[in-house]
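**Q** Keeping their order, the protein sequence lines are chains C and H. Going left to right, the first sequence walks through residues 134 to 402 as our numbering numbers them. Going left to right, the second sequence walks through residues -19 to 238 as our numbering numbers them. Even glycine gets a Cβ: it sits at the ideal position worked out from N, Cα and C. The structure under discussion is supplied below as structure tokens; questions concerning it will follow.
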Amino acid sequence: MTSGAALSKLRPPAPKSSLIVPAGVLGALALTIWAASDQFGIGFDPIAILADIGRGSEILGEVFRPNFAFFPRTIQPMIETIQMAIIASTIGCAIALPAAFLASRVTAPGRLSLVATRSVLNVVRALPDLLYAMVFVVALSIGPLPGILALIFFNIGVAAKLLSETVDAVDRGPLEAASAAGAAHVEVVRTSVLPQVLPNYVAYSLYVFELNIRASTVIGIVGAGGIGNVLNEQIGFFNFSNVGLVILELFLLVFAIELVSIALRRRLT
Amino acid sequence: MIRFENASVVYSGGVHALHDLTLEIADGEMMVIVGLSGAGKSTLIRTINGLVPLTSGDVTIDDRSVSKARGRELREIRSRIGMIFQTFNLVSRTTVLNNVLMGRLHATPTWRSLIGRYRDEDVEIAMQALERVDIVDKAYVRASNLSGGQQQRVGIARALAQQPKILLADEPVASLDPPTSHVVMRDLQRINRELGITTIVNLHFLDLAKVYGDRIIGLRGGQLVYDGNARDADEGVFRDIYGRSLTADDVLEAVPAA
């Protein structure tokens, strides 16, 4: 603390700057060129794309002139999509909550449940939503039910992953306090971890709901119900002004969810 | 009565945090543990409630072994030992009352704690604990909205809500300013004297140790190097415990607020 001691100490030489960052940037650049090249890659040519873009302008032009007369026919499928998303988000996130606690090093009751839960979640997350939809459509016939099931699996994967990483980062002090007070493991998690991650959990659930609205366009392609069916059908008929209206509706819906999500998060934190 | 018998703790990596400690702490004592950081103070305190397991030896409370207890039995032992932490360890996103009610978890059925509906009598015990540390007016305030001194009093209330026989305090004033430190230390002293709770406090400020401790033990390198009456602990004793001459950083040097 005294200035005399500080004066007697020499300033250390600056450490050598690491080459990892520039090497990483150069490596990423080289990989991109390799992947895009004609000889070794897929022949990605941005200039040719710019030259050809005019050919798509007819379709784009129609998409940007939505056919509002089509609106009445989108109402019912759009409601169906929202209903599917509500059911799938609620069930998926309800399952994801305990799964996340089992999958976090901080809250897992034992090593076995940690590894088992993480493995199952990795498999659940590895399969794409479209594949889930195809499997359930084949197993259960077309309609909203296979769509809901596909979304539930998708939601468990996303929400449990996000939440377990949040649980990994909680302040461990309260856990120690609850354990020291003689609380059982579930009580420790409930009283000292859950309040810390609750705002994040709500935010992730709303994000998952938003993802479900968007995913419905993809899973509709294989006949899993909702607005995706309509979208797929209208693309098939080359009715791009009808497609434009559906996209506009989806955009407004996702935007509205985002606004609600922001308002809710502000109240929670 | 707390009894250490040849208690040792070796952390993975080979650090001897506690070395062959034998010690008895009588019921109702106010004991202060001093020593440099890394001397084993926190380890010693955490072996009493089993947060740190012993490598060898034994710790018993009223002839019940802490080191051999597991599961329900360990939780039952812990429920009678309140603990106070340097960084308070409150859940900042919930209310003061909910934090204090954590001290009632051992007596609350699991289903009740899961839905957050504590029994009326447990809420009453929590409120009385808050009254004892004079902060009951903040019961429904979020813990994060309190000052450091207020948070530590909530920490004390949480420990008191357990209705403990023993109170452990790990550097309870290290995060507080000098006047607040005295308020918290006086709270602990009052609890010890009025409720007869055995109180064990880690401190690194020597003047606080002398003022508030009845008995002082000194640790150095995980070994017991001093055990005696607080009145008898003079500068020479502390020099021995610290293994060096004392500096201004070793004392708080603030007069207790009137």
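1) Per DSSP, what kind of secondary structure is Thr179 of chain H in: helix, strand or coil?
2) Could you give the DSSP three-state label for Ile220 of chain C: helix, strand or coil?
3) In three-state DSSP terms, what is Thr165 of chain C?
4) For the region -10 to 21 of chain H, list every residue whose C-beta sits within 9 Å of some C-beta in chain C, in sequence order.
5) Please state whether DSSP places Ala316 of chain C in a helix, a strand or coil.
6) Counting only the same chain and skipping the five closest in sequence on each side, list residues whose C-beta sits under 7 Å from that of Ser222 of chain C.
7) Using a Cβ-Cβ cut-off of 8 Å (strictly less than) and excluding sequence neighbours within five positions of Ala241 of chain C, which residues of its own chain qualify?
8) Hey, does Glu56 of chain H have any beta-carbon neighbour from chain C nearer than 9 Å?
9) How many Å lie between Phe218 of chain H and Gln169 of chain H at the Cα?
10) Using the beta-carbon count (16 or more within 10 Å), is Tyr265 of chain C buried or exposed?
11) According to DSSP, Leu148 of chain H sits in a beta bridge with which residue or residues?
12) Would you please verify whether the beta carbon of Gln329 of chain C is less than 9 Å from any beta carbon of chain H?
13) Can you list the residues of chain C that Gly83 of chain H reaches, using a CB-CB cut of under 7 Å?
14) How is Ala206 of chain H classed by DSSP in three states: helix, strand or coil?
15) Does the distance from the C-beta atom of Leu175 of chain H to that of Ala137 of chain H stay below 9 Å?
16) Give a yes or no on whether the minimum CB-CB distance between Ala210 of chain H and chain C is below 9 Å.
17) Across which residues does DSSP place Met11 of chain H in a beta bridge pair?
18) Using a Cβ-Cβ cut-off of 8 Å (strictly less than) and excluding sequence neighbours within five positions of Arg305 of chain C, which residues of its own chain qualify?
19) Val276 of chain C and Gly358 of chain C look like a contact to me (Cβ under 8 Å); what is the Cβ gap, rounded to whole Å?
20) For Tyr192 of chain H, collect the residues of the same chain with a Cβ closer than 6 Å to its Cβ; drop the 5 residues on either side in sequence, then sort them by chain order.
21) Are any of the Cβ atoms in chain H nearer than 9 Å to that of Asp301 of chain C?
22) Is Leu239 of chain H buried or exposed, if buried means 16 or more other CB atoms sit within 10 Å of its CB?
23) Could you list which residues in chain H have their beta carbon closer than 8 Å to that of Thr240 of chain C, in chain order?
24) Just checking: is the beta-carbon of Gly243 of chain C within a distance shorter than 9 Å of some beta-carbon in chain H?
25) Taking only the alpha-carbon atoms, compute the straight-line gap between Pro146 of chain C and Pro155 of chain C and give it to the nearest angstrom.
26) On the DSSP letters alone, give me the boundaries of the alpha helix (DSSP H) that Ala258 of chain C sits inside.
27) Who are the neighbours of Val319 of chain C on chain H, taking C-beta pairs under 9 Å?
28) To the nearest angstrom, report how far apart Leu24 of chain H and Arg195 of chain H are at their CA atoms.
29) Does DSSP put Ile275 of chain C in a helix, in a strand, or in coil?
30) Among the residues of its own chain, which have a CB less than 6 Å from the CB of Ala228 of chain H, if the five just before and after it don't count?
31) Determine the chain H residues that contact Arg323 of chain C at a beta-carbon separation under 7 Å, and present them in chain order.
32) Who are the near neighbours of Ile368 of chain C in its chain, counting only those whose CB is closer than 8 Å to its CB and skipping five residues on each side?
33) From which residue to which residue does the alpha helix (DSSP H) around Phe388 of chain C run?
34) Using the DSSP secondary-structure output, state which residues sit across from Ser45 of chain H in a beta bridge.
35) Output the boundary residues of the beta strand (DSSP E) element that contains Ile5 of chain H.
36) Using a C-beta to C-beta distance shorter than 9 Å, which residues of chain C count as neighbours of Gln131 of chain H?
**A** To lay it out plainly:
1) Three-state DSSP puts Thr179 of chain H in a strand.
2) Ile220 of chain C falls in the helix class under three-state DSSP.
3) Here Thr165 of chain C carries a helix assignment [DSSP, helix/strand/coil].
4) Within the region -10 to 21 of chain H, no residue qualifies.
5) Secondary structure at Ala316 of chain C: coil, using DSSP grouped into helix, strand and coil.
6) Counting only Cβ-Cβ distances below 7 Å, and skipping sequence neighbours, we find Asn288, Ser338, Val341, Phe342 and Asn345.
7) For Ala241 of chain C, where only same-chain residues beyond five positions count, the Cβ hits under 8 Å are Phe234, Leu235, Leu247 and Thr250.
8) It does: the Cβ of Glu56 of chain H has a partner Cβ on chain C nearer than 9 Å.
9) Approximately 22 Å, taken between the alpha carbons.
10) Answer is buried; the Cβ neighbour count reaches 16.
11) Beta-bridge annotation (DSSP): Leu148 of chain H is paired with H:Met63 and H:Ile180.
12) Chain H, which has a Cβ nearer than 9 Å to the Cβ of Gln329 of chain C, makes this yes.
13) By Cβ distance, chain C contributes Ala314.
14) The sequence shown places Tyr at residue 206 of chain H, rather than the Ala named in the question. Note: Tyr206 of chain H maps to strand in three-state DSSP.
15) At the C-beta level, Leu175 of chain H and Ala137 of chain H stay beyond 9 Å of one another.
16) For Ala210 of chain H, the answer is no, since every Cβ of chain C falls outside 9 Å of its Cβ.
17) For Met11 of chain H, which the question treats as bridged, DSSP gives the partners H:Ile180 and H:Arg195.
18) Once the five neighbours on either side are set aside, the close Cβ partners of Arg305 of chain C are Val239.
19) According to the sequence as given, residue 276 of chain C is Gly; it is not Val. Here Gly276 of chain C really is in contact with Gly358 of chain C; their C-beta atoms are around 5 Å apart, less than 8 Å.
20) Hits under 6 Å: Met165 and Gln169.
21) Chain H places no beta carbon closer than 9 Å to that of Asp301 of chain C, leaving this residue out of the contacts.
22) Because chain H spans -19 through 238 in this model, residue 239 of chain H falls outside it and cannot be assessed.
23) Under the 8 Å cutoff, chain H gives no residues; its nearest Cβ is about 14 Å from Thr240 of chain C.
24) Judged by the 9 Å Cβ criterion, Gly243 of chain C is not in contact with chain H.
25) Counting only the Cα atoms, Pro155 of chain C lies some 22 Å from Pro146 of chain C.
26) At residue 258 of chain C the sequence reads Arg, which differs from the Ala that was named. Per DSSP, Arg258 of chain C belongs to the alpha helix (DSSP H) from Arg244 to Ala259.
27) Per Cβ cutoff of 9 Å: Thr90, Ser93 and Leu94.
28) For Leu24 of chain H and Arg195 of chain H, the gap between their C-alpha atoms comes out near 16 Å.
29) DSSP places Ile275 of chain C in coil when its eight states are reduced to three.
30) For Ala228 of chain H, where only same-chain residues beyond five positions count, there are no Cβ hits under 6 Å.
31) Ordered by position in chain H, the residues that pass the 7 Å Cβ test against Arg323 of chain C are Ser93 and Leu94.
32) Same-chain partners within the cutoff: Val376.
33) It spans Phe373 to Leu401 - the alpha helix (DSSP H) in which Phe388 of chain C sits, taken as one unbroken run.
34) Answer is H:Thr40.
35) Counting along the chain, the beta strand (DSSP E) containing Ile5 of chain H begins and ends at His(-4) to Ile5.
36) Per Cβ cutoff of 9 Å: no residues; Gln131 of chain H is ~11 Å from chain C at best.
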